[in-house]
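This report refers to the structure that appears directly beneath it.
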Amino acid sequence: MDTKRWQLLISGRVQGVYYRASTEQKASALGLTGFARNLPDGRVEVVAEGQEDQLTQLKTWCADGPPNARVDSVDIILETATGEFSGFGIR
């Protein structure tokens with residue numbers, strides 16, 4: 000099994016709408032590790048490591064987000080997995 004690492008940059012109304020906490024719940028349920036955090040420019044950054052099918056499911060979820068979010072775009076940057084995370088958290 001080849002572990003992948005994706006950095007997702009989510010734009011729209013994604014801060015102050017329970018986006019990070021909802022992402023933490025979804026990523027943990029999928030068995031992914033990493034983190035979600037707010038960026039100063041209003042986007043949310045998600046860094047996740049796991050299997051490609053799980054990452055794809057997370058990306059699909061991020062495109063919708065929680066009920067009060069409005070997602071305009073999800074950009075993906077493919078990175079090399081480091082195995083540095085023991086779980087998924089909020090920063």
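Going by numbering that gives the first Met the number 0, the sequence shown opens with residue 0, and the numbers climb by one from there.
We put the beta carbon where it would ideally sit given N, CA and C, even for glycine.
I need the boundaries of the beta strand (DSSP E) containing residue i, first residue and last residue.
i: threonine 22; result: Careful: threonine 22 lies outside any beta strand (DSSP E), inside the alpha helix (DSSP H) at 18-28.
i: glutamate 44; result: 43-49
i: threonine 2; result: From DSSP, threonine 2 is part of no beta strand (DSSP E); its letter is neither H nor E.
i: phenylalanine 87; result: 87-89
i: threonine 79; result: Element bounds for threonine 79: n/a, residue is neither H nor E.
i: asparagine 67; result: Where asparagine 67 is concerned, there is no enclosing beta strand (DSSP E), given that its DSSP letter is neither H nor E.
i: glycine 33; result: 32-37
If you measure from the CB of residue i, is any heavy atom of the ligand FAD nearer than 6 Å?
i: glutamate 48; result: The ligand content of the structure shown is nil, which means the ligand FAD is not present either.
Do residue i and residue j have their CB atoms nearer than 7 Å?
i: arginine 42; j: isoleucine 9; result: yes
i: glutamate 78; j: glutamine 6; result: yes
i: phenylalanine 84; j: alanine 26; result: no
i: aspartate 68; j: threonine 2; result: Checking the displayed sequence, the identity of residue 68 turns out to be alanine instead of aspartate. Result no, Cβ atoms of alanine 68 and threonine 2 do not sit closer than 7 Å.
On the criterion of 16 or more Cβ atoms from any shown chain inside 10 Å, does residue i qualify as buried, or is it exposed?
i: alanine 28; result: exposed
i: threonine 32; result: buried
i: arginine 19; result: buried
i: leucine 38; result: exposed
i: glutamate 23; result: buried
i: arginine 90; result: exposed
i: glycine 30; result: exposed
Please look up how many angstroms separate the CB atoms of residue i and residue j, rounded, as I've assumed it's under 8 Å.
i: leucine 54; j: alanine 47; result: 6 Å
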